[in-house]
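Input: a single structure, listed below in structure tokens.
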Amino acid sequence: MRIALLLCFLYTGFIGTASGQGEVAFYIKIEDGGIFDVRTIRDSLGQLQCYEANIKAPVCEDRVCYDVNIRFRWNLIGQFEKFVIAAHDPLTKMDHEPFAPEDYKKLQQILSNQDLSFVHIPKNELVTESDSSEVDGYTGATKATVKKEVIEGALYTCYTLWHIANGEVVDAIRQHTHKSLNRDLIKKMLSDENQFVHYYLINWLDSQQMKEHIDDLLMLISEGKGYFSKNAIEQLPELLFETLSVQNFIISHYNTLDYYAQLAILKKLKLVNLGDSLRKYFIFLIQEDNGFQNQRILSLVLSGIGNESFTTLVNHLNSLEIIISEENFLLIEKLGKRYHHDTSQLKRDNK
Amino acid sequence: MNLKFNSIIYLLLFWATGVHAQKLATVFVEAESFQNKGGWVVDQQFMDVMGSSFLMAHGMGSPVENASTKVKFAEAGTYKVFIRTRNWSAQWSTKEAAGQFQLLVGGRALPKTFGKDQQAWAWTDGGTIKIEKGEIELGLKDLTGFNGRCDAILFTKDLNYQPIENLDELSDFRNDYFGFDRNPKDAGNFDFVVVGGGMAGTCAAISAARNGVKVALVQNRPVLGGNNSSEVRVHLGGRINLEPYPALGNLVNEIGPEEGGNAQPKEFYEDDKKLRAVLNEPNISLFLNHHANEVQTKNGKIERITATNIETGEKVLFKAPLFADCTGDGTIGLLAGADYMTGRESRAVYNEPTAPEVADNLTMGASVQWFSEKKDKPVSFPNIKWALDWDEEKSEEITKGDWEWETGMGLDMKLDFEQIRDYGMLAVYSNWNYLKNHSKNKEKFAHESLKWVAYIAGKRESVRLKGDYVLIEQDMTERKIYPDGTAPTSWTIDLHYPDPENSKLFPGAAFKSIAKHIKIYPYPIPFRCLYSNNVDNLMMAGRNISVSHVALGTVRVMRTTGMMGEVLGMAASVIKKENTTPRGLYQKYFDQLEALMMKGVGDPTLPYVQGYNNGATLMEMKKK
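Right, here's the structure in full:
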């Protein structure tokens, strides 16, 4: 953010020089009938890097209208990154007063903030009607909640630019990036540190792409913050959970993942065949102090269990005196008969 | 505390009880029971400490309209008059008294001015007066507009009478006089009694009701919403609709105000919206103006609670197999003998990086917010002599006091709360007095008029009841997530401390605060933090859940406390269905609660309009 601010004061003279760099990818119509082209910017290797657009939008602050000339930049998933304005064509507030450095700083914060309330208020309700000619610099009084969020005297500039920066263009960029996804671009995005990019990948990659990049995806899952791991696991196709690499990953990482990621893994594994080592791993995960997960794990290891593993399981349950839910107990009884194994010592939950 | 008929016929009552039949005629009148309260307000905040709710003349510098009531005297004669009152400003100033008033008997003022004598609550001798037999009107005439307070008035023909100062004895006297203890009203049987009608309690009641549970909701103010009501005016904070239970919070969205902002006009807080939501639930019986102050337990379980009507003094009994303490102060837990925590734990207790080396009694404070409005003509403000010493350096040239007008850190949020609230008001009045009457810039404030000063102070922290688990800082910063996670807390770990600048100007008595924040990822609060570890049928939601002082910093905001309530209501339905306890739910039926949390109880179709005050979170972080 700080870098962007420095740039916006230093950058001069690009506006009017045709359409800037990059090739035009698509165009976006804005509310009042205007239109702007969105161009792709590539890195030194020719790989897609970000998107830019030069925007000209009419804005009226109170009764004074002017054209805002500004360049916007978005990242590969449509998040607003920064703006650039020409030194000779500054943004202005009420009465043509040019933006001060702190106003630009605040504008950057506003444009990259998804948590503002004033942007959800219809434009004609931003101010309340008032008889006095100048309250807060407007003919009408700005609502108190709105006032806190915007630059004083530049309410409509903030409002208009936020909607351009965070409007239709976001989805258009996502679609465009999706169409452009190739091995190298995915690789590059996987190494991005922005978690929203990771979320984009788990939501937009197809099964084949996930399979191809499974090692990187597992790495992200092991390091995921918040609920990323859980969400990523939910998005991975079931088939991948049958592979040795994923089952081994589970053995080495299950215990360090958070509870909700663990739950997601158990749910996925219900749909696939467990390898012997993974089944054994889960059998020994059943512990006295693991009340919540025991029954879920038990029901998982019981599905498709062979004679040898069953013996291991029953011995383990007996030795730790694990309490077994009604449902699992009945299943074990049935399997005991099939495998001629005595299960009468097991502890059944009599709740 | 009083009868619903408000006028008291002493002799009839005493004949009925037969206890004091030999004594001389005495007439006891509770001020909060006055039929017409005029501009006086009912203040119940300290009744557990000083014995009663009372009437207060909260005029912000303009004397309020008289309060009046009709009282019957069965005997004519000369009566001695006492008023239970205090001089609240005396603890900070010996110059004059802030809240002064007179007693009107039959329209004529007694010569005595009340509220200027003793600092503590006590009976002030009002002299003698001749009274005719029959009905007579009593009035309270405010003289100053600065929070004069009247608890009760006593007339007696026993001219040597010594009024009762001991609180227990006085309480017995009141109960005998009005016959309350012998005749408590039974509110009926419920599945679940929720005490406290803030966001947590209100959501708990609605959530339980929608899940088929018969609920009593007991709130000690005339409005619902607690800190988010128009009485305190703190906006909701934190995020809703978060993983792992995105449907949690729809209820907060449904009943919460659309507009944000602290210390805003009354309408911002939409008291009616919360009330309507509760009244729309056939399974809820709502008891506004009832302060729960007695708990009866048996074998580690609460059997019943008793609440006192803050205006009439009537007592009401509530029986249920399950209770929720959403009082914020852990009132029910404390009365039931629940384990609790208070102040700041030392680092040794939980190894929390933010905890102090040595434990202390510092809590976060209570806010007395305020604002002024601009008038067409200049407006005066009394030049008060009892203000704190003030000068240009101390003066704050502002027209609104937000959350940071916070006092009482280090004091006891229950025992000292009247002092805490009063000091908050004193600071507001002292600054305003300076701006209006002394400041070099007083012209700038000439048209400004104090519009609102809170008299219900907004508490952040008092006691925390101990659950089967105590949530700590590292659980959130290191994301130790437990399988019994419920409502996610998302606000920063936001701890308040006395403002260092303000502390320099007012050593040991700061009335402003600063906040320090640690961002977290949304974190599901373990269910084990939401029920008591030693009172088997007590759950809790709100700021009095089982968390360390540091962890309280995040869970205390009201979208989060609302979601805790939502979870409690769901838990109540599982507990009812399985005939178990909160701990039993945790041990055996948590999957059922999980299923309800997935579903939520709020209307999922409503748009999220409460865009305000979501708070910073690591979830938003764009770059590592």
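Chains as they are written, first to last, in my numbering: chain A, 1 to 351; chain B, 1001 to 1624.
Cβ coordinates follow ideal geometry from the N, Cα and C atoms, glycine included.
Rounding to the nearest angstrom, what Cα-Cα distance links residue i and residue j in this structure?
i, j, result
"B/M1060", "B/E1373", "13 Å"
"B/V1428", "B/N1437", "14 Å"
"A/Q345", "A/V314", "9 Å"
"B/K1185", "B/E1314", "8 Å"
"A/W162", "B/R1559", "27 Å"
"B/T1477", "A/L257", "15 Å"
"B/D1339", "B/F1417", "22 Å"
"B/N1147", "B/A1348", "44 Å"
"B/G1126", "B/R1174", "20 Å"
"A/R348", "B/G1330", "39 Å"
"B/E1243", "B/R1084", "54 Å"
"B/M1056", "B/R1149", "4 Å"
"B/E1294", "A/Y260", "41 Å"
"B/K1273", "B/I1153", "37 Å"
"B/A1616", "B/C1203", "24 Å"
"B/M1619", "A/G226", "7 Å"
At what residues does the alpha helix (DSSP H) containing residue i begin and finish?
i, result
"B/A1277", "1271 to 1279"
"B/Y1429", "1417 to 1437"
"B/L1170", "1167 to 1178"
"A/Y199", "195 to 204"
"B/A1204", "1199 to 1210"
"B/A1551", "1549 to 1555"
Relative to the C-alpha of residue i, which residue among the options is closest?
i, options, result
"B/Y1469", "B/A1446, B/P1582, B/A1025", "B/P1582"
"B/N1036", "B/E1137, B/G1115, B/D1181", "B/E1137"
"B/T1354", "B/D1158, B/S1367, B/D1475", "B/D1475"
"B/V1362", "B/M1341, B/A1348, B/N1351", "What sits at residue 1362 of chain B in the sequence shown is Leu, not Val. The option with the nearest alpha carbon to B/L1362 is B/M1341."
"B/A1097", "B/K1080, B/Q1118, B/I1520, B/V1081", "B/Q1118"
"B/A1571", "B/P1498, B/H1549, B/M1598", "B/M1598"
"B/A1208", "B/I1481, B/D1125, B/D1329, B/V1278", "B/V1278"
"B/Q1162", "B/T1026, B/A1359, B/I1398", "B/T1026"
"B/K1400", "B/P1265, B/G1569, B/G1099", "B/P1265"
"A/L126", "A/S299, A/Y156, A/W74", "A/Y156"
"A/L330", "A/T177, A/S299, A/Y199", "A/S299"
"B/L1288", "B/N1183, B/D1271, B/G1333, B/G1038", "B/D1271"
"A/M189", "A/H340, A/K29, A/D37, A/Q47", "A/Q47"
"A/E234", "A/L217, A/S245, A/N248", "A/L217"
"B/A1109", "B/H1549, B/S1093, B/K1141", "B/K1141"
"A/T92", "A/S207, A/K123, A/L107", "A/L107"
Looking only at its own chain, which residues have a Cβ that is under 6 Å from the Cβ of residue i, when we skip the five neighbours before and after it?
i, result
"B/E1132", "A1076"
"A/G137", "Bear in mind that the predicted position of A/G137 carries a pLDDT of just 43, short of 50, making it too unreliable to give a figure here."
"B/A1200", "C1326, A1541, G1542, T1561, M1564, G1565"
"A/G78", "V170, I173, R174"
"B/G1139", "N1066, S1068, L1104"
"B/V1557", "G1237, G1238, W1491"
Looking only at its own chain, which residues have a Cβ that is under 7 Å from the Cβ of residue i, when we skip the five neighbours before and after it?
i, result
"B/P1604", "A1247, N1250"
"A/D32", "P58"
Here's the rule: buried if 16 or more other CB atoms are within 10 angstroms of the residue's CB, otherwise exposed. What is residue i?
i, result
"A/C50", "buried"
"B/A1031", "buried"
"B/N1614", "buried"
"A/D262", "Just to set this straight, residue 262 of chain A is Gln in the shown sequence, not Asp. A/Q262 should be labelled buried."
"B/Q1159", "This sequence places Leu at residue 1159 of chain B; Gln is not what is there. Answer is exposed; the Cβ neighbour count stays below 16."
"B/V1567", "buried"
"B/H1496", "buried"
"B/N1299", "exposed"
"B/A1595", "exposed"
Could you spell out the range, first to last residue, of the beta strand (DSSP E) harbouring residue i?
i, result
"B/T1306", "1301 to 1309"
"B/T1486", "1485 to 1489"
"B/F1082", "1077 to 1085"
"B/C1628", "In the structure as shown, chain B begins at 1001 and stops at 1624. Residue 1628 of chain B is therefore absent and cannot be evaluated."
"B/W1370", "1370 to 1374"
"A/K56", "48 to 61"
Can you determine whether any heavy atom of the ligand NAD sits closer than 7 Å to the C-beta of residue i, and answer yes or no?
i, result
"A/L126", "Among the ligands in the structure shown, none appear at all, so the ligand NAD cannot be discussed."
Between residue i and the rest of its own chain, which residues show a CB-CB distance below 8 Å, the 5 nearest in sequence each way excluded?
i, result
"A/N350", "none"
Using a Cβ-Cβ cutoff of 9 Å, what residues of the segment 1468 to 1502 of chain B are near chain E? List them in chain order. In the displayed structure, chain E is absent; the protein chains listed are A and B.
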